[in-house]
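In our numbering, each residue's number is its place in the sequence shown (first place is 1) plus 614.
Each residue gets a CB set at the ideal place from its N, CA and C atoms; glycine is no exception.
Remember, it's a predicted structure, so these values are computed and weren't measured experimentally.
A short worksheet on the structure shown next.
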Amino acid sequence: MAETDIKHVEKTIKPPVTSVGVIGWIRANLFNNWFNSILTVVTLYTLGKVVPPFVRWAFVDSLWLSTGEACKGAEGACWSIIPANIRFIIFGFFPYESQWRPLVAMILLIGLLFYSRNRGHWKKSLAYAWGAGLLTMGLLMKGGILGLAVVESTQWGGLPLTLLLSVFGLAAAYPLGVVLALGRASQMRAIKTLCIVYIEMIRGVPLITLLFMSSIVFPLFLPEGVTVNVILRAQVAIIMFTAAYIAEVVRGGLQGMATGQYEAAESLGLNYYQTMRLVILPQALRIVIPPTVSQLISALKDTSLVVIIALYDLLKTTQSVLSNPTWMGFSSEAYIFVALIYFGCCYFMSSYSRRLEKELDRGF
């Protein structure tokens, strides 16, 4: 009988409402002490002052499909600047009738990136798919065969150019950074010195300096009549800059490896290349995933600096639209649109890095 009464009491007595559910979470996280309580109240007051006016400006009083003249007297945002100029913002000076080509190239690139997110797809067939995809994208952008009109690289711009500089720049900079890190950790003095000089020299100057040198100084050293595409020069500058920072991140991972790992590889009779490829690098690269992705995200955003050497990337095409008298004064709306595109790209990289960390986690 006593046990029955105890069970009945346990069923009828519930925890206080203020300790469970939403109210419990609020008390435990937002009002658990006087400092957090004051901070919560100040934050809520600030949001109350900022959010309603922003919502009214961005959605309630905004215009979406009007002309520039109609927007002049509007109290809200003029989102009409985006649909009215979307093709120039996205594709720049690429011929209007051929803009389907960079669109297909971007869809193909994004499709390959999403397909490659699954580590189960990392097979030899994926490498062939990337090779075929890159060749197809190059043919679509350049043209000249299969009845496609030739489009000079000087007419490339907008989002395709931004993706070109970022994706291919990061893809080339990462392995180069790994090689530089291995060179800096090498026992061969000449190779180590060269890698140290390169890394410290590149890291000692801003990316803007390298872009200016690639655009203005480098052509001065070329023989008369010889030119190198400005996009290629900017791409090389971005690769060189990013690789130097990746090298330092990877070097940190190499230094974090225990000497027992090297000794174990040596006891198995592995040579230097086998040790690095099979034992050291897989572990070192895994533990430096967060700082590596952080550096790659920073490099992705830095590609917008090519605007200073007159390359019409996504930011430059947007600035060109804002120089049109019809759309002057609506820079907030245009830059918010560009920021959302960059945010989407950065969020994709960040979310993939977290997923990769979980998949590679060994629990120790």
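When rounded, the separation of the alpha-carbon atoms in D916 and I852 is 8 angstroms. Taking the CA atoms as reference points, L777 sits about 15 angstroms from Y961. The Cβ-Cβ distance between M963 and I911 falls below 8 angstroms.
Where M751 is concerned, the enclosing alpha helix (DSSP H) starts and stops at K738 to K756. According to the DSSP secondary-structure assignment, G772 is paired through a beta bridge with D927. DSSP places N938 in no alpha helix (DSSP H); its state is neither H nor E. Looking at the DSSP output, L808 shares a beta bridge with no other residue. Burial is judged here by how many other beta carbons sit within 10 angstroms of a residue's own beta carbon; K930 has at least 16 and is buried.
For the 8 angstroms CB-CB criterion, S780 and L914 form a contact. In this structure, the CA atom of P709 is about 32 angstroms from the CA atom of S676.
The segment 668–715 contains, as complete alpha helix (DSSP H) runs of 4+ residues, the segments 682–686 and 695–705 (chain order). One Cα belongs to L836, the other to G883, and the distance between them is close to 49 angstroms. Bounds of any alpha helix (DSSP H) do not take in D975, whose DSSP letter is neither H nor E. Excluding five sequence positions before and after L773, the CB atoms of its chain that fall closer than 6 angstroms to its own CB belong to I704 and L928, given in chain order.
Counted as a single uninterrupted DSSP element, the stretch harbouring M890 is not any alpha helix (DSSP H), since DSSP gives it neither H nor E. In the three-state reduction of the DSSP assignment, P837 falls in the coil class. For L775, the closest C-alpha among the options M720, P789, R733 and T807 is that of M720.
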